[in-house]
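Working notes for the structure below.
Protein chains: 2
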Amino acid sequence: MTENTTGVTAAAGFRAAATTAGIKPSGNPDLALVVNEGPEFTAAAVFTRNQVFAAPVKYTRGNNDGTFHAVILNSGNANACNGVQGEKDAEATAAAVGEALGIPATEVAVCSTGLIGDTLPMDKLLAGVATVTDEVQQVAASSPEAGLAAATAIMTTDTVAKQAVYHGEGWTLGGMAKGVGMMAPSLATMLVVLTTDARIDDPAPYLKASAEVSFDCIDIDGSTSTNDTVILMANGASGISPCDEELAAAVNAVCMDLAKQLQADAEGVTKRVAITVTGTETDADAKVAARILGRDSLFKCAMFGSDPNWGRTLAAVGMAPVTMVADRISVSFNGQPVCVNATGAPGARDVDLSGEDIDVLVDLGTGGPGTATVWTTDLSHDYVHINSAYSS
Amino acid sequence: MTENTTGVTAAAGFRAAATTAGIKPSGNPDLALVVNEGPEFTAAAVFTRNQVFAAPVKYTRGNNDGTFHAVILNSGNANACNGVQGEKDAEATAAAVGEALGIPATEVAVCSTGLIGDTLPMDKLLAGVATVTDEVQQVAASSPEAGLAAATAIMTTDTVAKQAVYHGEGWTLGGMAKGVGMMAPSLATMLVVLTTDARIDDPAPYLKASAEVSFDCIDIDGSTSTNDTVILMANGASGISPCDEELAAAVNAVCMDLAKQLQADAEGVTKRVAITVTGTETDADAKVAARILGRDSLFKCAMFGSDPNWGRTLAAVGMAPVTMVADRISVSFNGQPVCVNATGAPGARDVDLSGEDIDVLVDLGTGGPGTATVWTTDLSHDYVHINSAYSS
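Right under this line is the structure:
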């Protein structure tokens, strides 16, 4: 159902543009704009749950009343922890976009990603806004090149642009995402923009439900960003109103696809690890336990070393504040039982984990129906190198 | 007040012995025994809060009724997650020690540390028990060599033996400890044995209070072991009953000294990081926030890189489930303010963190009296190497 051909401009009536404003020292593109041509402008957004949140999150959350016409996104600077100046800068960015496009500033969502604690170079950023607002009015709607350019301009230490698309019967839903570190979203994640030409009166329930089973199940490093934002815009340009089930499936498919792309490009990743916990009283319990295992440095180092270390697995889940039956815990790696009823299974130390994908299944032994999957990565030398060698 | 000359045998009336039973593949010493000669045998112990706990923890906790005569400790094998066989092996170990020393098995505390999930080589272990029980009856009480031998025999990836001592007026309290990884104790830690010739009717309150402000404030890697045990034995051999304040100070001093030694020898450590959080409503809130920062991989990588990255600091503490005033958070590194009221201070990126010790002070801005310090380390290449290159 999902093809990665185009992203945020795949749906009818969405334009995008990108430029190099000069915010990144690298000289790579760092400013992107996505504009909804209508006829409808329904939108939904979810944000970081971090108590320390960035100025663009404050601005966009404050204007999140069910409609957005455009999203402006910069990389290279998070505009977080910049006090009143940061808030003024986010407002000025939205105002400049709004003025150029002839829409209220409150209809412009603002997203930023990059280093925390440096104020935005507003001269460069506003010159960039002039460029992208001009360009977006000249580019064709649904341009794949423009969608890719936008997805590229929001990258920081991402190594690939992340796009996904779902084609319904006569309608489309597409999106783009960025995010490689500080990645343990809490019902929101990183920067994600989804667009659809379907008619959706209220996209919020679909976005919330999908975010919970996709982005919220990624836990790369236990760190939740100050800037996480996911926005879905719907314009009804296809004239089609998909049924509830299809809409949910479409939003799920694109969110899941983007989430898997984020996991695969996480900082320093050498292994993609899917942790499924079962046998808890509730799904929420299972997610808590899976997340605790996904954050455990010793477990993650073992994954890096292709070491089927079920002892560290049990020690980690044993600290989860959920009901379990400790002497009935069982663990499988890649489908092979390594621990049954909290004791080692024959051959447990010889399971082959040398591949890039590792499936971990942990049953906490209560006999309850709870289950959840969290996607994480290993803890590698490159992760340490990337995150110690320079500020980011 | 604290000298590291001798440890667990510093107090009058305590003997120790150690041997190489052959549990460790390395051929290093791996079995230690500490025996209290009396006349009194009061004792206290605290244990891991992990729901997955080892057989020796189950055995020792089950017999933790206020007295112990001896502690037998092996390294090289945690005897964790070995089911009923593990429980039988812990019982058999205590029984063998008890028989040789002429004391009930229930008066023998059992501690194990090492790899999780392999059953103990009981033939080797019981032969080792015969050796150490024989030796301990020939060695002099208060032998510094015997104390060091015991502290050495409980090491796993520890690079140095950890001992501490407090000399009161006519009485002494000493101890030994081991622990380098899987180190985020919860009111208990690793393996620690404290001995004193003071008269203490009920050592439990002193041990609990000290553990809470010492071992429980270490958080190296967020992982809580299945085997953490701290035991304090008092024999009254000095005939002295120190006052409440001095006893508390002595237990505190030795626990704190050992805790700092554990931090300094943590796996892969290149920086010792003390995180103090203030300005919370309660001390408990401050500890929660300090612990969350101490577990944050991005923050720890920044410390490894000597990077005064206060942005990651704010992002990490912002996820603490405690009351804070986000725009009044302030941060200092090594006494230099780098962030004031959630915005960068002049020169913040230039603070020198190249030394081995880094002090981090975070004020969460509520104006409340809460404060706590947690000791952690950086996240280094060596940490990843040590924990991925082989099972441990």
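Protein chains in written order, with this note's numbering: chain A, 29 to 420; chain B, 29 to 420.
Every residue gets a Cβ at the ideal spot worked out from N, C-alpha and C, and that includes glycine.
Secondary structure, alpha helix (DSSP H): runs of 4+ residues fully inside the segment 302-347 of chain A: 311-322, 325-332 and 338-345
Sheet register partners of HIS413 of chain B (DSSP bridge): For HIS413 of chain B, which the question treats as bridged, DSSP gives no partner whatsoever.
Ignore the nearest five residues each way along the sequence and tell me which others in LEU407 of chain A's own chain have a CB closer than 7 Å to its CB. SER325, LYS328, CYS329 and PHE332
Below 9 Å on C-beta distance, what does TRP199 of chain B contact in chain A? Per Cβ cutoff of 9 Å: no residues; TRP199 of chain B is ~38 Å from chain A at best.
Coarse secondary structure for PRO233 of chain B, derived from DSSP in three states: helix
List the residues of chain A whose Cβ lies closer than 7 Å to the Cβ of MET347 of chain B, in chain order. ASN78 and THR252
Inspect the CB distances between the segment 96-116 of chain B and the segment 57-68 of chain B and report whether three or more fall short of 8 Å. yes
Counting only beta-carbon separations shorter than 8 Å, does ALA344 of chain A have a partner in chain B? yes
Contacts that THR371 of chain A makes with chain B (C-beta to C-beta distance below 7 Å): CYS109, ASN110 and GLY111
Three-way DSSP call (helix, strand, coil) for PRO365 of chain B in this model: strand
Checking 8 Å against the spacing of the C-beta atoms, do VAL80 of chain A and ALA314 of chain B come in under that value? no
Is the beta carbon of LEU457 of chain B sitting closer than 8 Å to the one on ILE303 of chain B? Absent from the structure is residue 457 of chain B, since the part of chain B shown begins at 29 and ends at 420.
Please decide whether PHE332 of chain A counts as near chain B, where near means a Cβ-Cβ distance under 8 Å. yes
Using a Cβ-Cβ cutoff of 8 Å, what residues of the segment 299-323 of chain B are near chain A? List them in chain order. ARG323
So the beta strand (DSSP E) CYS139 of chain A belongs to, where does it begin and stop? 136-141
Beta-carbon neighbours of TRP338 of chain B, restricted to chain A and to distances below 9 Å: CYS109, ILE144 and GLY145
Taking the continuous beta strand (DSSP E) assigned at ASN280 of chain B, which residues delimit it? It is not in any beta strand (DSSP E) - ASN280 of chain B instead sits in the alpha helix (DSSP H) that spans 272-292.
Residues of chain A with a CB under 9 Å from the CB of CYS367 of chain B: which are they? CYS109 and GLY145
What does HIS409 of chain B touch in chain A if you count any residue whose Cβ is under 8 Å from its own? HIS409, VAL412 and HIS413
Does MET352 of chain A come within less than 8 Å of chain B when only Cβ atoms are used? yes
Round the Cβ separation of LYS152 of chain B and ILE51 of chain B to the nearest angstrom and send it over; I've been treating them as touching at under 8 Å. 6 Å
Just checking: is the beta-carbon of TRP403 of chain A within a distance shorter than 8 Å of some beta-carbon in chain B? no
Classify CYS367 of chain A as buried or exposed, calling it buried when 16 or more other Cβ atoms lie within 10 Å of its own Cβ. buried
Pairwise C-alpha distance: GLY145 of chain A and ALA370 of chain A: 47 Å
Rounding to the nearest angstrom, what Cα-Cα distance links TYR411 of chain A and ASP293 of chain A in this structure? 12 Å
Ordered along the chain, which non-local residues of its own chain (more than five positions away) have a Cβ less than 6 Å from that of ALA72 of chain B? PRO231, ALA232, LEU235 and LEU260
Closer than 8 Å by beta-carbon distance: list the chain B residues that pair up with ILE357 of chain A, in chain order. VAL80
Taking the DSSP output, what are the residues bridged to PHE75 of chain B? B:THR257
So, is the C-beta of ALA329 of chain B closer than 8 Å to a C-beta in chain A? Residue 329 of chain B is actually Cys in this sequence, not Ala. Chain A, which has a Cβ nearer than 8 Å to the Cβ of CYS329 of chain B, makes this yes.
Quick check on GLU98 of chain A: does DSSP put it in helix, strand or coil? Sequence check: residue 98 of chain A is Ala here, not Glu. Three-state result, ALA98 of chain A: strand.
Going by other Cβ atoms of all chains shown within 10 Å of its Cβ, with 16 needed for buried, is ASP58 of chain B buried or exposed? buried
Nearest CA to the CA of LEU143 of chain A: which residue from A:ALA106, A:PRO53 and A:THR257? A:ALA106
Could you say which of A:VAL112, A:ARG377, A:GLY307 and A:LEU222 lies nearest to MET352 of chain A if we only look at CA atoms? A:GLY307
Segment limits, alpha helix (DSSP H) that includes GLN113 of chain B: 111-129
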